[in-house]
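>
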Amino acid sequence: MLMIVLDVTVVNVALPSIQEDLGFSQSSLAWVVNAYLIAFGGLLLLSGRFGDILGRKSVFMAGLGVFIFASLLCGLAQTQELLVAARFIQGVGGAMTSAVILGMIVTMFPEPRDQAKAIGVYAFVASAGGSIGLLAGGVLTQTINWHWIFFVNIPIGIATAVLAWRLLERDEGIGFGDGTDVPGAVLITSSLMLLVYTIVKPAAEDGWGSISALGLGVLSIALLAAFVLREARTHNPLIPLRIFR
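Residue numbers (this note's numbering): 123 to 367.
(1) Leaving out the 5 sequence neighbours to the left and right, which residues in its chain are closer than 6 Å to Phe182 when beta-carbon positions are compared?
(2) Val206 to Glu233, Cα distance in whole Å?
(3) Where Leu151 and Leu159 are concerned, what is the direct C-alpha to C-alpha distance, given to the nearest angstrom?
(4) Are there three or more Cβ pairs, one per stretch, closer than 8 Å when the stretch 189-198 is compared with the stretch 264-277?
(5) Tell me, to the nearest whole angstrom, how far the beta carbon of Thr363 is from that of Leu341; I am working on the premise that it is less than 8 Å.
(6) Assuming Gln148 is part of the alpha helix (DSSP H), what are its boundary residues?
(7) Would the stretch 137-154 count as touching the stretch 283-293 if we require 3 or more Cβ pairs under 8 Å?
(8) Rounded to the nearest angstrom, how far is the Cβ of Gly279 from that of Leu186, given a contact under 8 Å?
(9) Would you mind reading off the limits of the alpha helix (DSSP H) that contains Ile276?
(10) In chain order, which continuous runs of the alpha helix (DSSP H) of length 4 or greater are located wholly inside the stretch 222-280?
(11) Do Ser369 and Ala248 have their C-beta atoms within less than 9 Å of each other?
(12) With H, G and I counted as helix, E and B as strand and the rest as coil, what does DSSP make of Ile296?
(13) Less than 7 Å between C-beta atoms, sequence neighbours within five positions excluded: which residues of the same chain meet that for Tyr319?
(14) Exposed or buried, which one is Ser313 when buried takes at least 16 other CB atoms within 10 Å?
(15) Can you list, in chain order, the residues of its chain with a C-beta nearer than 7 Å to that of Gly173? Leave out the 5 residues immediately preceding and following it.
(16) Since I believe Ile361 is in contact with Glu353 (beta carbons under 8 Å), could you give me their beta-carbon distance rounded to a whole number of angstroms?
(17) So, for Ala208: in the same chain, excluding its five sequence neighbours on each side, which residues have a beta-carbon less than 7 Å away from its beta-carbon?
(18) Would you report the Cα separation of Pro277 and Ile296, rounded to the nearest angstrom?
(19) Using a threshold of 9 Å, state whether the C-beta atoms of Glu294 and Gly177 are closer than that.
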C-alpha cells in the first residue's frame, strides 16, 4: 500500500519537471495525474469482486505485476502519450492491489485484537506514504531526474511480490459458479470511470458548470442506475444488493 499511495504524491512534486521535459501544456499536464485516478477509481470495486471470485492472492500478485510493468513504462516514457497511457495502466494495477489488501488482512488475522493491530499498521503505512512521496519526489527529481520517481517502484514492487508469494496463503476464491455478470461489470466499471472522468476533466479544462460536465455526470448516474436494476434482476449478480441492507 505504501507504494500505491507514495506514487500519487511523488508525481505531484515532479509535475513541473515532467512538463518542461515532455512539453505538456498546463491543461494536458493534469492528465498525468488524472489518467491514474480514472483507472484506479473506476476499477477498484470490480477488482475487489474479482478478488472474491479468483482469489485475493492471485489478484494481488497480478496487480503488482501490472503496476511494476507500468512503472517501467512511465520511467522510460519520452512522449506525452506514452506517459499518460502508462499512468492509466499503473492505475489499473493500483486498483487491483488496493482492492484486496484489507480482505487479506482480515483473513490472515482472524482474531479481533490481532486484526485491529494489523489494520492499524495498514492505515499508518498508507498515511505515511503520502508524506514519504512528497519528500522522495523532491529528492529524486532534484538529484537525478523525474524518471526515477517511477523507477523506484520497481525494486519495491519486486520485493513486495517475493514476500507476498512466500507469505500469503493461496485462496481459490468462490469461483465463477454459473458464470459472472459481464453486463453488470461493464455497467459499473463504465459508470465509475465516467464519474471520475467527470470530476477531473472540468477541473482541468472546461469548468464545473459546462454542458459537457453536466452531460457526463448525468450519463454516469444513468449507468449506475442501470447497474442497480441489473443486479436486482439477475440470478448471479456481480454485487449482491442485499449486502447494503
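Cβ atoms here follow ideal geometry from the backbone N, Cα and C, with glycine treated the same way.
The structure presented is a predicted model; accordingly, all values stated were derived computationally and were not measured.
Straight from the coordinates:
(1) Thr219, Val222
(2) 43 Å
(3) Each residue's alpha carbon lies about 14 Å from the other.
(4) yes
(5) According to the sequence provided, residue 363 is Leu. The question's Thr does not apply to it. In fact, because the Cβ distance is near 22 Å, the residues do not count as touching under 8 Å.
(6) 148-151 is the span of the alpha helix (DSSP H), which, as asked, contains Gln148.
(7) With a cut-off of 8 Å on Cβ pairs, the stretch 137-154 is not in contact with the stretch 283-293, counting fewer than three such pairs.
(8) 6 Å
(9) 275-289
(10) 234-265, 270-273
(11) Because residue 369 is not part of the residues shown, which for the chain are 123 to 367, the question remains open.
(12) In the displayed model, Ile296 falls within coil according to three-state DSSP, outside both helix and strand.
(13) Ile160, Leu338
(14) Buried is the call here.
(15) Counting only residues of its own chain and dropping the five nearest sequence neighbours on each side, Gly173 has a CB closer than 7 Å to the CB of Val181, Ala221, Val222, Gly225.
(16) 6 Å
(17) Closer than 7 Å at the Cβ level, and outside the excluded window around Ala208, lie Ala192, Leu195, Cys196, Ala199.
(18) Whole-angstrom Cα-Cα distance: 32 Å.
(19) yes
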